[in-house]
Amino acid sequence: MNDADHAVLLTGAKKDPDQKLSIAHLVRPYPDGSTVSVMNTAPGPSGQCSGAYTTIIPMDKPCAVVRETTLKDFTFVESMAGVLRFTDKSGGIDALLLPVALGCAVVKSEAVY
Numbered sequence: 006m007n008d009a010d011h012a013v014l015l016t017g018a019k020k021d022p023d024q025k026l027s028i029a030h031l032v033r034p035y036p037d038g039s040t041v042s043v044m045n046t047a048p049g050p051s052g053q054c055s056g057a058y059t060t061i062i063p064m065d066k067p068c069a070v071v072r073e074t075t076l077k078d079f080t081f082v083e084s085m086a087g088v089l090r091f092t093d094k095s096g097g098i099d100a101l102l103l104p105v106a107l108g109c110a111v112v113k114s115e116a117v118y
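Residues 6 to 118 in the numbering used here are what the sequence shown lists, from first letter to last.
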C-alpha cells in the first residue's frame with residue numbers, strides 16, 4: 006500500500022506514548038467507496054501490546070447478497086435488534102450486517118493479542 010492508497014490519523018498521548026492507549030483511523034478508497042478502520046492499541050503489564058480494530062465496509066448490494074458472497078465462510082450467530090451477527094471459523098472475527106439506504110455495511114471487529 007502506498008501513500009496515495011490510504012490516509013491515516015493517529016491519536017495518542019504526547020507524553021509517554023508507548024505507555025498509553027493509541028488510536029489509528031485508516032481510510033482506504035476503492036472504486037465503489039471507501040472503508041474506514043479504527044484500531045486501538047495499548048501496552049499490557051508484560052510490555053506487549055494488545056488491541057482491537059473495527060472496519061466499516063459500505064457495499065452497494067443488499068445484505069442478503071453480501072451474506073452469500075462476502076461472508077460466505079462466516080457462521081450466523083444471532084440477530085441483534087435487527088442487525089445480523091456472524092463470526093469467522095476461528096471465532097475471532099465478528100461481522101455485523103447493517104442495512105443502509107442503498108445497500109449494506111459490513112462492520113468487522115477483531116481483538117489482537
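Here a beta-carbon is modelled for each residue, glycine too, at the ideal position from N, C-alpha and C. Since we're looking at a predicted model, the values are computed, not measured.
Pull up the distance between the alpha-carbon of residue i and that of residue j, whole angstroms please.
i     : j      : result
Asp37 : Ala106 : 15 angstroms
Gln24 : Pro48  : 6 angstroms
Arg33 : Val111 : 15 angstroms
Arg72 : Val43  : 23 angstroms
Closest to residue i by CA distance: which of the options is it?
i     : options                         : result
Val82 : Ala57, Cys68, Leu101 and Val71  : Leu101
Asn45 : Tyr35, Thr60, Pro34 and Ser39   : Thr60
Leu26 : Gly87, Ser55 and Ser39          : Ser55
His11 : Asp21, His30 and Pro50          : His30
Leu89 : Pro104, Gly96 and Tyr118        : Pro104
Gly87 : Thr40, Val41, Ser114 and Cys109 : Cys109
Evaluate residue i with the Cβ neighbour count: other Cβ atoms within 10 Å of its Cβ, from every protein chain shown; 16 or more gives buried, anything less gives exposed.
i      : result
Cys68  : buried
Met64  : buried
Lys113 : buried
Thinking C-beta only, is residue j closer than 8 angstroms to residue i?
i     : j     : result
Ala57 : Ala18 : no
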